[in-house]
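The listed protein sequences derive, respectively, from chains L and Y. Mapped onto our numbering, the consecutive letters of the first sequence carry residue numbers 6 to 236. Mapped onto our numbering, the consecutive letters of the second sequence carry residue numbers 6 to 236.
There are 2 protein chains.
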Amino acid sequence: MENPVHPDSIIEALSIDCVIFGFKDGRLDILLVKHAEGISAGKWALPGGWITYGESVDDAAKRLLKSLTGISDIYLEQLKAFGDPNRFPLKRVVTVAYYALVNEESYSLIPGFTASDAQWFNVHEVPELIYDHNQILEFGYNHLKHKVRHEPIGFNLLPAKFTLLQLQELYEAILETRLDKSNFRRKLGKMKLLINCKEKQKDVSHRAAALFKFDKRIYVTLRRNGMVFEL
Amino acid sequence: MENPVHPDSIIEALSIDCVIFGFKDGRLDILLVKHAEGISAGKWALPGGWITYGESVDDAAKRLLKSLTGISDIYLEQLKAFGDPNRFPLKRVVTVAYYALVNEESYSLIPGFTASDAQWFNVHEVPELIYDHNQILEFGYNHLKHKVRHEPIGFNLLPAKFTLLQLQELYEAILETRLDKSNFRRKLGKMKLLINCKEKQKDVSHRAAALFKFDKRIYVTLRRNGMVFEL
DNA sequence: TAATATATGGTCATTCTGACTATAAGTAAA
DNA sequence: TTTACTTATAGTCAGAATGACCATATATTA
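Structural data, given as structure tokens:
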């Protein structure tokens with residue numbers, strides 16, 4: 006009744022790929038790695054790799070993300086399994102895609118041993134990627150657009166303390182639309198999701214804005230019960 | 006560069022399981038099959054099986070659902086991959102769960118060759134299932150609850166022509182809540198999703214209600230742009 | 001001191017919501 | 001044939017939310 010294979014050996018038919026979103030200066034970015042070895046060496050791809058027999062699929066996603074980019078302890082959630090029979094050359098591989106939200110400033114990218122480079126790309130200026138990775142990215146972006154309107158997950162893309170304008174620009178970047186500043190604030194206020202840090206922005210050449218953090222308790226409630234972020 | 010295995014042989018590490026919801030007489034049901042052979046013979050389970058090298062994961066889900074229950078051409082969408090290393094005995098198997106919405110009356114269940122029985126169970130009276138199938142079911146039910154509030158997918162559970170009360174009872178069953186009849190109608194009316202068939206209900210012992218069908222064009226728009234079904 | 005950039009708060013007509021009420025149109029029981 | 005019962009369908013109304021604005025405050029830089 007025991008697993009006949011070593012827990013460290015990989016499951017040949019299964020891989021992981023991560024769609025990692027970052028946010029900086031009002032732009033929504035996506036993290037890509039350049040393959041250092043294998044059949045797609047030199048090409049850009051979503052960070053990913055193989056699952057072993059000893060770990061859960063979720064754990065594999067965490068491990069791979071960390072080993073390829075140095076990023077850990079972030080919002081990481083399963084997106085979808087991609088299982089077209091011809092999506093991968095050489096053999097049949099189904100990949101389980103994950104998506105993650107990162108505050109870009111908090112992490113310095115450290116390309117791992119199978120990646121020669123790791124870099125942020127504007128989500129609208131992505132190069133051609135290997136296999137079906139462009140499709141996976143597209144799917145992930147659409148998923149994010151939908152999800153951000155019903156759950157307060159966008160905060161994972163911001164630093165711990167942020168201004169209301171930063172938050173608004175984040176939503177504008179994701180949803181590709183312009184929002185009314187005053188109405189946006191009113192809506193956020195009623196949600197009770199934000200806590201005023203009683204601090205001011207620094208080093209800006211205009212009136213400094215108040216800094217906010219978000220209330221994790223309310224966050225849990227809103228995630229459970231859903232919310233409506235029609236802006 | 007060719008796949009070294011026969012397209013009909015199965016991918017050992019991957020399976021499919023389907024969470025199939027049905028609706029009848031105001032009750033939300035779930036379809037289960039009783040295994041006829043193998044290590045879990047005699048036990049209830051979600052309908053599922055193995056993926057072959059020659060088919061996509063989506064196609065495998067369709068094939069398995071049809072061969073186990075006789076049901077085809079329905080709303081079937083991927084739910085999530087479940088990948089705990091110990092979820093399946095004997096060997097390491099990751100399963101890709103799908104969920105489907107069916108109008109119960111439109112199909113007669115035909116247990117397939119590896120299932121000795123196929124039967125609808127009230128979603129709140131489900132027996133103990135094999136492996137992690139109770140967890141998968143739970144996940145699927147929560148997913149449905151969320152999704153039904155942002156996309157007009159509930160209609161897949163109803164017959165082609167239905168009354169407004171039937172639609173309301175469907176939402177009440179899924180969301181486990183009571184809704185105000187008058188407000189429900191007003192909201193549906195504004196959505197422009199329903200088309201009056203200009204027909205009346207028959208064989209009821211009270212005033213007959215108008216029958217409606219739903220507008221597939223509006224449906225596509227609402228799925229794309231999202232909607233809010235706060236009732 | 002003026003120009004300008006952003007912050008922050010407020011107005012107001014319109015629409016939406018939730019809780020109710022009222023009437024209509026059928027069947028079934030008295 | 002009248003009455004009871006069931007569901008259908010329409011309407012009311014106060015309060016909340018929305019979208020498009022406007023006004024003022026506070027900071028830096030020319």
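Note that CB positions come from ideal geometry on N, CA and C, so glycine has one too. Nothing here was measured: the structure is a model prediction, and the numbers come from that model.
Under 8 Å between C-beta atoms, does residue i make it to chain L?
| i | result |
| --- | --- |
| residue 194 of chain Y | no |
| residue 70 of chain Y | no |
| residue 61 of chain Y | yes |
| residue 178 of chain Y | no |
| residue 89 of chain Y | yes |
| residue 146 of chain Y | no |
| residue 83 of chain Y | yes |
| residue 80 of chain Y | no |
| residue 19 of chain Y | yes |
| residue 128 of chain Y | no |
| residue 296 of chain Y | No answer is possible for residue 296 of chain Y: the residues shown for chain Y start at 6 and end at 236. |
Whole angstroms are fine: how far does the CA of residue j sit from the CA of residue i?
| i | j | result |
| --- | --- | --- |
| residue 178 of chain Y | residue 85 of chain L | 27 Å |
| residue 34 of chain Y | residue 156 of chain L | 28 Å |
| residue 145 of chain L | residue 169 of chain Y | 36 Å |
| residue 159 of chain Y | residue 87 of chain Y | 25 Å |
| residue 49 of chain L | residue 151 of chain Y | 35 Å |
| residue 205 of chain Y | residue 212 of chain Y | 9 Å |
| residue 83 of chain Y | residue 21 of chain Y | 10 Å |
| residue 163 of chain L | residue 104 of chain L | 16 Å |
| residue 202 of chain Y | residue 214 of chain Y | 11 Å |
| residue 140 of chain L | residue 56 of chain L | 21 Å |
| residue 79 of chain Y | residue 60 of chain Y | 19 Å |
| residue 134 of chain Y | residue 185 of chain L | 51 Å |
| residue 209 of chain Y | residue 73 of chain Y | 35 Å |
| residue 108 of chain L | residue 224 of chain Y | 36 Å |
| residue 28 of chain Y | residue 125 of chain Y | 10 Å |
| residue 181 of chain L | residue 174 of chain L | 10 Å |
| residue 12 of chain L | residue 26 of chain Y | 36 Å |
| residue 147 of chain Y | residue 207 of chain L | 44 Å |
So, at 8 Å on beta carbons, what are the nonlocal neighbours of residue i in its own chain, with the 5 sequence-adjacent residues on each side left out?
| i | result |
| --- | --- |
| residue 97 of chain L | 18 and 90 |
| residue 10 of chain Y | 58 |
| residue 44 of chain L | 94 and 95 |
| residue 42 of chain L | 119 |
| residue 16 of chain L | 55, 56, 57 and 58 |
| residue 183 of chain Y | 177 |
Near residue i, which residues of its chain fall below 6 Å by C-beta distance, leaving aside the five closest residues on each side in sequence?
| i | result |
| --- | --- |
| residue 200 of chain L | 218 and 220 |
| residue 116 of chain L | 122 and 123 |
| residue 46 of chain L | 40 |
| residue 132 of chain L | 49 |
Can a CB atom of chain Y be found closer than 8 Å to the CB of residue i?
| i | result |
| --- | --- |
| residue 75 of chain L | no |
| residue 183 of chain L | no |
| residue 225 of chain L | no |
| residue 53 of chain L | no |
| residue 136 of chain L | no |
| residue 86 of chain L | yes |
| residue 143 of chain L | no |
| residue 209 of chain L | no |
| residue 133 of chain L | no |
| residue 235 of chain L | yes |
With distance defined between alpha-carbon atoms, name the residue in the options nearest to residue i.
| i | options | result |
| --- | --- | --- |
| residue 188 of chain L | L:205, L:236, L:162 and L:40 | L:236 |
| residue 24 of chain Y | Y:176, Y:69, Y:181 and Y:164 | Y:69 |
| residue 62 of chain Y | Y:100, Y:194, Y:233 and Y:76 | Y:100 |
| residue 113 of chain L | L:223, L:129 and L:76 | L:76 |
| residue 30 of chain Y | Y:110, Y:15 and Y:74 | Y:110 |
| residue 234 of chain Y | Y:222, Y:207, Y:198 and Y:209 | Y:198 |
| residue 14 of chain L | L:65, L:43 and L:166 | L:65 |
| residue 154 of chain L | L:232, L:28, L:71 and L:72 | L:232 |
| residue 193 of chain L | L:207, L:182, L:37 and L:171 | L:171 |
| residue 136 of chain L | L:182, L:174, L:53 and L:81 | L:53 |
| residue 176 of chain L | L:226, L:161 and L:166 | L:161 |
| residue 129 of chain L | L:36, L:216, L:102 and L:227 | L:36 |
Identify, in the order they occur along the chain, each residue of the same chain with its Cβ nearer than 7 Å to the Cβ of residue i, setting aside the five sequence neighbours on each side.
| i | result |
| --- | --- |
| residue 190 of chain Y | 169 |
| residue 127 of chain L | 32 and 34 |
| residue 138 of chain Y | 22, 50 and 51 |
| residue 165 of chain L | 218 |
Verify the contact flag: residue i, CB atom, against every heavy atom of the ligand MN, threshold strictly below 7 Å.
| i | result |
| --- | --- |
| residue 90 of chain Y | Absence of the ligand MN is noted for the structure shown, with no ligands found whatsoever. |
task = Could you name the residues of the stretch 97 to 123 of chain Y whose beta carbon sits closer than 9 Å to any beta carbon of chain L, in the order they occur along the chain?
result = 97, 99 and 101
key: Near-chain Y residues of the stretch 149 to 169 of chain L - C-beta to any C-beta below 8 Å   = 151, 154 and 155
ask   = For the stretch 18 to 51 of chain L, which residues have a beta carbon sitting closer than 8 Å to at least one beta carbon of chain Y?
value = Within the stretch 18 to 51 of chain L, 18 and 19 place their CB atoms closer than 8 Å to a CB of chain Y, listed in sequence order.
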